[in-house]
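Notes follow the structure.
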Amino acid sequence: KDGSKRYFKFASKDDAQNIINHEKEGEPTRLFEISKRQIIEYANKAGAYSQDNANHNIDFMATQAVGGGSLDFSVGPLLEDYQRYGASGDAVAPSLVYFLPEGDNVAHNQFNFGNFLYGFSGRQLGVALLMLKIGGHINSLVNSAQNGYKPQLDSSDDQYSIEKGYFYSHKGPKVGFIAYEINVPTYRKGAARELIGKFYDKTRRK
């Protein structure tokens, strides 16, 4: 609005061309700058700042980082908040919305931004980046039907967005907030063991 220029890139190499294609078809796309406060709020509502969830973080991730779980940000809060602007409820359907985190120079499509929020939330829970990336691969393979797509490994941009979210904590302004501990999504004991068991079953069948 003030005439200044803002330079950024996309997490996915395909996003810029997809935007051009949508605009040619008369489908306007939108880029939203998301404040750090909003990012923290998404993670907070998902249960990422609960100490109890942090104490059982792997079971929590295995319980909630699936289709319909609190850490399924893409078709949870992002769909709810941005559907009127063209957000998609289907992982393989086109989405017309893109997100640029405050203070960062990498924008994400709707589903990659869900991965960004997953990475950000995982760090608040004390989960190592490697575990989050492995979890992304396992979830895409094992829970593909629940997630709405065929079994597959995470793409390179999926993994990149997880990493960007994980390291985002130090960017943007410091934000004060109250961590939600009551009435937040929680974990199911043994969920991680069940997920790993399903993964081994699927890989053995191959």
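Quick note: the sequence shown uses the working numbering, first residue 2, plus one each step.
The beta-carbon is built from N, C-alpha and C at its ideal position, and this holds for glycine as well.
Starting from residue i, follow the alpha helix (DSSP H) in both directions and report where the run begins and ends.
i, result
"residue 117", "111-125"
"residue 142", "130-143"
"residue 80", "78-83"
"residue 38", "37-46"
"residue 87", "Per DSSP, residue 87 belongs to no alpha helix (DSSP H) and is neither H nor E."
"residue 61", "58-65"
"residue 21", "16-25"
"residue 166", "157-167"
Report back the beta-carbon spacing between residue i and residue j to the nearest angstrom; my notes put them in contact at under 8 Å.
i, j, result
"residue 33", "residue 98", "7 Å"
"residue 115", "residue 172", "Residue 115 to residue 172, Cβ: 18 Å. No contact."
"residue 141", "residue 111", "The pair is not a contact, with the Cβ atoms about 16 Å apart (cut-off 8 Å)."
"residue 61", "residue 126", "7 Å"
"residue 200", "residue 128", "That belief does not hold up - the Cβ atoms of residue 200 and residue 128 are roughly 17 Å apart, past 8 Å."
"residue 82", "residue 113", "Incorrect: roughly 16 Å between the Cβ atoms, too far for contact."
Check whether the Cβ atoms of residue i and residue j sit closer than 9 Å, and answer yes or no.
i, j, result
"residue 169", "residue 133", "no"
"residue 17", "residue 107", "no"
"residue 45", "residue 180", "yes"
"residue 122", "residue 196", "no"
"residue 189", "residue 49", "no"
"residue 183", "residue 119", "no"
"residue 208", "residue 70", "As shown, the chain starts at 2 and ends at 207. That puts residue 208 outside it, with no answer to give."
"residue 151", "residue 117", "no"
"residue 47", "residue 74", "yes"
"residue 30", "residue 40", "no"
"residue 91", "residue 76", "yes"
"residue 124", "residue 130", "yes"
"residue 78", "residue 35", "no"
Have a look at the DSSP bridge pairing and note the partners of residue i.
i, result
"residue 31", "98"
"residue 10", "107"
What number of angstroms, rounded off, separates the C-alpha of residue i from the C-alpha of residue j?
i, j, result
"residue 57", "residue 136", "15 Å"
"residue 202", "residue 139", "12 Å"
"residue 42", "residue 22", "33 Å"
"residue 100", "residue 198", "35 Å"
"residue 37", "residue 25", "33 Å"
"residue 8", "residue 59", "37 Å"
"residue 178", "residue 65", "23 Å"
Measuring only between beta-carbons, confirm whether residue i sits less than 9 Å from chain B.
i, result
"residue 72", "Considering every chain present, this structure includes no chain B. It has just one protein chain."
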